[in-house]
Each structure stands twice: as C-alpha cells, then as structure tokens.
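Asker: Sharing a structure below in structure tokens format, with a few things to ask.
In structure tokens:
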C-alpha cells in the first residue's frame, strides 16, 4: 500500500464538499424577493396572550441566502409559517416580489405557493407514509402545469430531478418513503424543489436531524440549486456556526424580534446587540477560548 | 397494507377474538337454514328443561288412550286464547274490512270469532295487503303465530270429531306396543329447553344474538361516523368550528349517557321502539368520546410537516383530510369502531333488561331474553338456568371477543406496546 | 502515574432484537480514565456511544445484554454482578448516569429535597432527615446552586436549573465516575454553559473523581474534556487528547468528523466543508474487514477483508487503521 495509490482516489472526489458559486456578493442591488414591515403574530390561549413574532422588518433579495438564527422559543418557526403563508400575520405587511402579498383565497394561495416552497427539519415526518415516492414528485410536475405531459416525459423529469441529488429514480420508483434513509429522504425533498423551481425556498433546519459528516452533501445541493435557479434561500437554524458559514446575510432573533442583522462577518465577529454578544460568547469554539469564569450559576436560567 | 393485515393476524389476541366472533356470527347466519322454527313460536308451556320432547297427545304410558270430550276441548280453547289475542284478531278483521258486527272478545262469541278468523285470515293475503297496524314483517309474524296456535288446538278438536258417535270411546293399547322414536310425529329436541312462553330457547337465542349484533353494528357505525366527522372537522378546521363542536360534545359529556338513553326510551313508548330506533339512539348518545380522540389525533397530525407540504403543493382541504389525515387515524378509528359495537350491544342489553328495549312482540334480543327471564322468575322460583345462563354467556363472549380483537389491533398498531 | 478510576477491558454488549438477532453495539471496547480526568465520546448517531454509557453502569435490562469483558471501578470489578447488587452498591456511589432528558425525570408533585432523601434511603445510609438536609444544603452551596431550590418543585425551575439540580442529586454520594449522555443538548447555549461549568467544577473539586461526556457536538467536547474518543459502528476508532484529536486526527473517519466543525469565529467561512459519503454498516451483519472501509476514500481492497486492531502509539493516543500514521498524514497534506 503506497501513499500515491491512496492519493489517486482523492482527485476524483469533488462532489461531496460544499462549493459556493457566489460568495461575498453584494445582494443589495438585486431586486427584492420578499420583504416585511411590522410583521406580528399574536397567539391567544385562554387568557394568556403570547406575542410570538413582534413587529419584524426584513428585506430578502433575489438569490440571497439568508439565515434566521434563534434559540427555541424565539419565534422563528412562527415567522417561517407566516412567510410560507400557512399562518396569517395578525399585524403588518408582507411584500412578495414588490407587491403586497394576497393569499386570501385558495386559488391565490396556490399561486403564491408556486413561488415559495419549503424543506422541513424532520425528513421522517415530511412524507405521507401511505404514498409512494413517485406521487411526491408527480405532484410537483402537476403543480408546474405538466399534468398532461406524456408518461415518458414525466419519467424523464423525475429521473433528472433524482440524479441532481445523486439518487437513481429507477431504484426508487414504487418504493415507500420509509424504505429510504433519513439522508436520502432529505435529498428527495431537494429533488422536489428542483422540480418546482420556486423563487424562494424556506429551509427549516434541513440538516439538524442529519449527522454532521453527511450535512455537507445536503448543503452543497441546496447551494447548487440556488446558483442554477437564482432562488432566494431562507435558512432557519439554531446552529450559529452553520449560519455563519453558509449565509450571505444573517438575522438574529430573540423573543420574536430581530435584534441584529447584516453580513455574517459583521454580525458574528463584531456583534453589537447584547443578546448577540452573549449568544456568540456562549457558543463553544475551537480556536478562541470559551470563558467559563463569567458564568453565574445562581441564575435560574 | 397487506403487510399490516398479515401482522394483525399474527397477533394471538386478535386471532382468538376473531375466531370466537366469527363462530358466533356464522352460527347466527347458518342456523336458520337448519332449523326453520319461528323464534317466537311457543312450543310448550312454561319452562321446559333441555331434552327431547314428545307431544303428550301422541304418547300413552297408562295403557289407556283417552279421547277428550268436545266441551272440554272448547273450554281449553277458551283458556288458551287470551282476550289480548282475541282483540288482535278483531283488530285484524277490522283492518281488512271484514264484517265484525256481533263479534267481541267475550266467551259467548268465541266460536264466531274463530270461524270469522278462519274464513278471513290467510298469510299470503296479510303479506300482500299490509293492513293498517300490521305493516311490518314482525307484526305479520305475530299473526301467523296466532293462527298456528289456533290450528294446533283445533286439530285436537278435529280428532274428537273423528271419534264421534259415543260421548266417550276408549281403546285399549297393549303394554308391549312400541313405536320407534323417529316415527313419533311431534317429537322435538330442545337443547336449551324453553322459556316461560314455551319457546325454544336455542332458536330464540340465535335469533336474539343476530339482532343484538345488528343493533351493535348499527349503533357502532352511527357513533363512529358521527364521531369521525365531528372530530375531523373540529380538529382540522379549528377556530370557531372547533369551539362550537366541542361545546356540543361537552354538553353530551356532562349529561350521563345512560340516563339520557333511559329518558328518550321511556318517552318513546314500547310500541314505537323498533330495533332501528334503539340503534340510532344508542349511536347518537355515544359518539362523543370518538369525536374527542379523533380531534386530538387530528390536531397533532395537522401540524405535521407532511400536511404542511401537502398544503404547499396546493392540495384541497378535502384531499388533505382524506389522503394525509384519514389514513393515519384509520387504524385508530377501526379500533374505536370495534369498541363502539361492543358497547352498543351492552347498552341494548342494559336497556332491555330494564324493560326499555325494543318492542318485545316483534323480535327477540339478548336483553329482552334477560328481561323475560327476570320477569318470569327464571332465576328465582323456576330455577330455569337454561333461560338466562346461555344469554349471559353469549353477551360475555361477544364483548370478550371484540375487546380481544381491539387489544390485538392495539398491539399491532401501537409501537409502544410491542414487546 | 495517577490512579486509574475506571478501567474497561474488551467490553462487549449486545441488543437482542424482536426477531432474535444479536446486534453488537459495543464491540470489544477498552478504555481507562485517570483520577480527576474526563473523557469525551464522539460519533454519529447509532455508533454505540449511548449504548456504551448504559453498558458501563453494569446494570442491564432487556433488550440490552452483557456479553463479555470487565468493568473495573477504582479497583473493584463490577461486571457480571447481580442487578440488585449493582443498584444498591454501584449506582450512585460508584457510577452516576445522566441522560439527555434527565431534567424531565423529576416527579412534579414532590420537592427537590425529597429526591435527595430517596437517594439516601435507597442506599440504606444511617442518616436522619436533619443530617440529609444539612448535607444537601452544603452540596448545593458548594455547586453554586441556590439552596432554596431544595424547597421548590421541579416545575418552578427553568430547564437549565432543573438539569443542574438533577446532576447535583445524582452525584450527592460523590460517585467515582460520572457518565453524562448529551446532558446539555436540549438546552439553549447559555444554560448549556452553566451546566458545563458546574460539571467541570465538580470534577475539579473532587466531588466526582472522573467523568465521561458523550455528545455529537464536537466544539463542546473540545472545550469540556481532556481526552476525546471517537466511536464508529460499535468500535473505538481513535483516542487522544482533545487538542490532538481536533487539530491532528489520524483516522480518516475522525478527520471527516473534525472537518465538519463549524463555529462562529474567524476563518470558519474559509473551511472546506466535506461530507463522508454513505451510511454506517448494519451491525446485524458487520463487515468482515474494516468497518469504515465502505465509506473510506482511501480504502484498498485489502481494507475490506482485514479488520485492523486498535493500535496504541503512545502518549495516550491510539487509532484503528491499516495505514501507518505517517502514510495517512502524507495523504492529508497532499489533499490540502
């Protein structure tokens, strides 16, 4: 066994690492894709009123990868549901491609969902276990107006979508979702997005249920899809390191409010808001020291 | 799906329950093809122990065959045809438009009534014309039974006519005159004896089991369908719909169901209580818990990602409910249905036991049989165990088998119960 | 040389599935921890790290079964003991175990102090209520926990505080080994930091003599433990000091893991994030050769046949690969 032999195999493998088509690009000149002013959502349970999202403003540009970072209970899930149109804001306005968003009827909602799609955290609960994989992809073709295409054309499209995410459709056809691994399921979700080609993709912690050593594959596929279609990716995560690594723009969320936003280098390395400062300092790092001496143990937190 | 079915039949509990239930069901279905007896037809008088019986008129063990006198036969006729039956006959004759002037239920006009009946009644005619007050099959069956009992009695009278001449004729029968048991004309085997009316308990029990199963099935279907519909609507649509439906459900929860059943039932009156009303009323008082649990399951499903994705794919509300929600709760609904059937059967039995069951003149049910056994002292003075114990056993077996099937299914569908 | 608190020799435990198949989730694992030291265990889900934690307690319940090997705590062999004896004499006094959801394990109707009484009762120690209370107060004060928490119900405490209280309760008898399986993963980063601070204090004060910390979060592990051990498919693939393991991993799998680390600090955006393709082998039918061979980009045909032993290269460092460390390092350099 010689080292040269080992080295030869390395060269072939470029697929599994994350590559950025556009890094450090200035997206502020791109047209606005989705923006919000004073978006608020209040929940009433009995006599208790919870303000899950509290007057947030945001501007997401075309092709940008935006991370919304928050800990559990920060309201990021509620915000993502409002962005997707699954929940109505109680107050405020959301603009979709420069126009006020109107999703008051079923038909308008369906039209809106042609422009925005999602990938969720848990691939195991993202599928209807009673339906075969084919139906997931066929739904997407039908939604894009390909209902009357010939069978062969549909098959070809599904094969293309699967090969984009390194899956073989011929092996998957007629299988049920639970016959796949978590990673494969999540890749199939990306194949779904590939077929739908929305303007905006909302990815809600798409890698948190996936082992760290496999997540690069998923992230790379998302980035490649972004580069090919120019879609905007809204990345919801609690993983501050990942958000820093991948995004073009970061929003930090606490108690339903954006406490800080901007370029990741600025937000993560020179945070200004007290919450961001605390958050960044409390995340364990490997090059910088993790200071435990400041911790106040008596705090009931 | 196929795999699940296989798993279901690999569960020993389900299998045992299923076999018991199927045995009961098949007995109910097949028995009438072998025994053609009408379940409410009286054979003898009072409680008869299980065994093989021969008509007293065809037997003699004294060596002397006594032919009865016509007057005695007439007296017996009078005694055996109660005033209530005479009224029924009169009602029938009136309903079909026969001339009833001069007829009444008194003993003086007894012979006239009988002959008027004999001249006018025919089973086919009653069936064809469905006279007012005798429109249902069960009511017509009662008429037929009445007619049969008249025929049985008059056939004795006929034999007297044959022995005419002297006021009394005696014929000697030798002690060594034997006849093969099979050749005895009116021998009946009653494996479970007869009840207080002299009806064959086994035939009655099989019929009653069938009727009770039907009541349970109907009540269970109504309760499950209603519960499913309310639960799906309240759970998926939410908001004001949920509030209103759950308000109604809460009202039903706080009113004790059984008390409500008793009130509705006594208000209806015995005559208008048919099998179907019984099932419907049990059904609409027991849907609440199905609705509640379906609702809570739907609420947890509603927030699952696959439902959200289905919405994002532009599917309609109907399609989401039928394809993304219903299949997930289907196994649960099947289990709830089985329990509802079981509790429907028990509810009917309880009501009938209290004398609030379906009309006792039409069809037997398990609860009615218990009620009769109680009323006529089967478990006190007569000590006729065969009139109630088999009924208890059948109720217990049905309930047991259904519950076994339910726990068996639970084991298959609920991963936390797997060992 | 410092005293060894925990020594494990060739420990093997298995799960018996419903179909009656054996799954060896901990396969000939040997490790040791010196007094006052901590060891971190890393690996992807299903690698056997949580099973190892359960197995180390010596308290087995179906479907987990003990197969072979020795567990020696401070010179006392606890493997193969009767489960009742283990519960009375080992758990709590020799070993304490804290799972991820420990904070939800407290009965909400009882006050925190009651649980401490339970622990003392279960070990049949001759102490009356007053003495127990005194001891508990001292311990809480020493750990920097508010003493009034003893009179509260668990629901009155926040998640982070609850987790710290549970850790304090389970270590009240100063066990020799503390095993913590993802103790802070369900918490927000600030509470996590408090839990870690308390655990490190406990180790420094000698309230626990050694610690095993299991997590999939590598930056956390790097900051918490002295040594890191990487597990893959039920086996140890590499062990070394935390710094060596993060900055100079030898085994291709450890290297893959370490290269997936993303932290919010300078230089992170320049990392080349690389995936390890494929999935771990099914342990019902483990491969004959190296268990990582199928996913290893350097694997040769012989790797799939020959199962390499865990090679000890001195300085507390060991790894499991057919290649020598020099060969591997050369390839890594070539690759960068």
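Residue numbers (the working numbering), protein chains in the order written: chain A, 1 to 301; chain B, 1001 to 1419; chain C, 2001 to 2336.
Virtual Cβ for every residue (Gly too), placed ideally from N, Cα, C.
Since the model is a prediction, treat every value here as computed from it, not as a measurement.
Go through its chain and collect everything with a Cβ distance to residue 2140 of chain C's Cβ below 8 Å, but skip five positions before and after it.
Answerer: The answer, listed in chain order, is 2146, 2147, 2149, 2150 and 2168.
Asker: When you compare only the Cα positions, how much space is there between residue 1272 of chain B and residue 1266 of chain B?
Answerer: For residue 1272 of chain B and residue 1266 of chain B, the distance between alpha carbons rounds to 10 Å.
Asker: On a CA-only basis, which of C/2268, C/2176, C/2078 and C/2165 is nearest residue 2137 of chain C? Give me that one, please.
Answerer: When only C-alpha atoms are compared, the closest one is C/2165.
Asker: Using a Cβ-Cβ cut-off of 7 Å (strictly less than) and excluding sequence neighbours within five positions of residue 1028 of chain B, which residues of its own chain qualify?
Answerer: Within the same chain, residue 1028 of chain B has close Cβ partners 1206, 1209, 1210 and 1213.
Asker: Who are the Cβ neighbours of residue 1037 of chain B in its own chain at under 7 Å, not counting the five residues just before and after it?
Answerer: Result list for residue 1037 of chain B: 1200 and 1203, in chain order.
Asker: Sort B/1275, B/1313, B/1334 and B/1088 by Cα distance to residue 1408 of chain B and report the nearest one.
Answerer: Taking only the C-alpha atoms, the option nearest residue 1408 of chain B is B/1334.
Asker: Out of A/116, A/191 and A/36, state which residue places its alpha-carbon closest to the alpha-carbon of residue 54 of chain A.
Answerer: For residue 54 of chain A, the nearest C-alpha among the options comes from A/36.
Asker: Considering only the alpha carbon of each residue, which of A/56, A/173 and A/66 lies closest to residue 25 of chain A?
Answerer: Out of A/56, A/173 and A/66, A/66 has the C-alpha closest to the C-alpha of residue 25 of chain A.
Asker: Would you say residue 2189 of chain C and residue 220 of chain A are within 9 Å of each other, going by their C-beta atoms?
Answerer: Not in contact: residue 2189 of chain C and residue 220 of chain A (Cβ atoms no closer than 9 Å).
Asker: Would you tell me roughly how many angstroms separate the C-alpha atoms of residue 1274 of chain B and residue 155 of chain A, rounded to the nearest one?
Answerer: So the two alpha carbons sit approximately 59 Å from each other.
Asker: For residue 1164 of chain B, which residues of its own chain have a beta-carbon under 8 Å away from its beta-carbon, when the five flanking residues on both sides are left out?
Answerer: Summary for residue 1164 of chain B: the model assigns pLDDT 40, below 50, so the residue's position carries little reliability; its value from the coordinates is reported in the next sentence. None.
Asker: Could you list which residues in chain A have their beta carbon closer than 8 Å to that of residue 2246 of chain C, in chain order?
Answerer: Result: 286.
Asker: May I have a chain-ordered list of the beta strand (DSSP E) segments no shorter than 3 residues that lie completely inside the stretch 183-269 of chain A?
Answerer: The qualifying runs are 200-204, 232-237, 249-254 and 257-262.
Asker: How would you label residue 1122 of chain B, buried or exposed, when you count the other beta carbons within 10 angstroms and need 16 or more for buried?
Answerer: So residue 1122 of chain B counts as exposed.
Asker: Using the beta-carbon count (16 or more within 10 Å), is residue 1315 of chain B buried or exposed?
Answerer: By the 10 Å Cβ count, residue 1315 of chain B comes out buried.
Asker: With a threshold of 16 other CB atoms inside 10 Å of the CB of residue 1404 of chain B, please say whether the residue is buried or exposed.
Answerer: The residue is buried, with at least 16 neighbouring Cβ atoms inside 10 Å.
Asker: Does residue 290 of chain A come within less than 9 Å of chain B when only Cβ atoms are used?
Answerer: No, no contact with chain B.
Asker: Under a CB-based cut-off of 9 Å, is residue 18 of chain A close to chain C?
Answerer: Yes, because at least one Cβ of chain C sits closer than 9 Å to the Cβ of residue 18 of chain A.
Asker: Quick one: which unbroken alpha helix (DSSP H) runs of 4-plus residues sit fully inside the stretch 1241-1299 of chain B? Chain order, please.
Answerer: If we require 4 residues or more, the alpha helix (DSSP H) runs fully inside the stretch 1241-1299 of chain B come out as 1257-1268 and 1275-1285.
Asker: Is it right to say residue 2203 of chain C is buried, meaning 16 or more other beta carbons lie within 10 angstroms of its own, or is it exposed?
Answerer: When all chains shown are included, residue 2203 of chain C counts as buried.
Asker: For the alpha helix (DSSP H) containing residue 1307 of chain B, list its first residue and its last residue.
Answerer: Segment 1305-1312, the alpha helix (DSSP H) holding residue 1307 of chain B.
Asker: Rounding to the nearest angstrom, what Cα-Cα distance links residue 1052 of chain B and residue 1384 of chain B in this structure?
Answerer: Near 16 Å, if we compare the C-alpha coordinates of residue 1384 of chain B and residue 1052 of chain B.
Asker: Quick one: any contact between the stretch 2068-2079 of chain C and the stretch 2040-2048 of chain C, if contact means 3 or more CB pairs under 8 Å?
Answerer: In short, these stretches do not touch, since the Cβ pair count stays below three.
Asker: Measuring from the CB of residue 1089 of chain B, is there a heavy atom of the ligand MN at a distance below 8 Å?
Answerer: In terms of ligand content, the structure shown is empty, and the ligand MN therefore cannot be addressed.
Asker: Starting from the beta carbon of residue 1308 of chain B, find every residue of chain A whose beta carbon is closer than 9 Å, and list them in chain order.
Answerer: Those within 9 Å of residue 1308 of chain B in chain A are 81, 84, 86, 118, 120 and 126.
Asker: Could you give the DSSP three-state label for residue 1217 of chain B: helix, strand or coil?
Answerer: Three-state DSSP puts residue 1217 of chain B in a helix.
Asker: Would you call the CB atoms of residue 2217 of chain C and residue 284 of chain A closer than 9 Å?
Answerer: Yes. Within cutoff.
Asker: When DSSP labels each residue in this structure, what does residue 1139 of chain B get in the three-state scheme?
Answerer: Of the three classes helix, strand and coil, the one that applies to residue 1139 of chain B here is helix, per DSSP.
Asker: Starting from residue 161 of chain A, trace the alpha helix (DSSP H) both ways and give me its first and last residue.
Answerer: Start and end: 151-164.
Asker: At the 9 Å Cβ level, is residue 77 of chain A part of the contact set with chain C, yes or no?
Answerer: It does not; no Cβ of chain C falls within 9 Å.
Asker: Is the CB-CB distance between residue 2212 of chain C and residue 2178 of chain C below 9 Å?
Answerer: Yes, the pair counts as a contact, with Cβ atoms nearer than the cut-off.
Asker: I need the boundaries of the alpha helix (DSSP H) containing residue 1328 of chain B, first residue and last residue.
Answerer: That run of the alpha helix (DSSP H) goes 1326-1353.
Asker: Please look up how many angstroms separate the CB atoms of residue 215 of chain A and residue 2254 of chain C, rounded, as I've assumed it's under 8 Å.
Answerer: Residue 215 of chain A to residue 2254 of chain C, Cβ: 17 Å. No contact.
Asker: Is the beta carbon of residue 2231 of chain C closer than 9 Å to that of residue 2048 of chain C?
Answerer: Going by C-beta atoms, residue 2048 of chain C is nearer than 9 Å to residue 2231 of chain C.
Asker: Output, in sequence order along the chain, the residues in the stretch 216-241 of chain A whose CB is closer than 9 Å to any CB in chain C.
Answerer: Within the stretch 216-241 of chain A, the residues whose Cβ lies closer than 9 Å to some Cβ of chain C are 216, 217, 218, 219, 220, 238, 239, 240 and 241, listed in chain order.
Asker: For the stretch 1241-1264 of chain B, which residues have a beta carbon sitting closer than 8 Å to at least one beta carbon of chain A?
Answerer: Answer in chain order: no residues at all.
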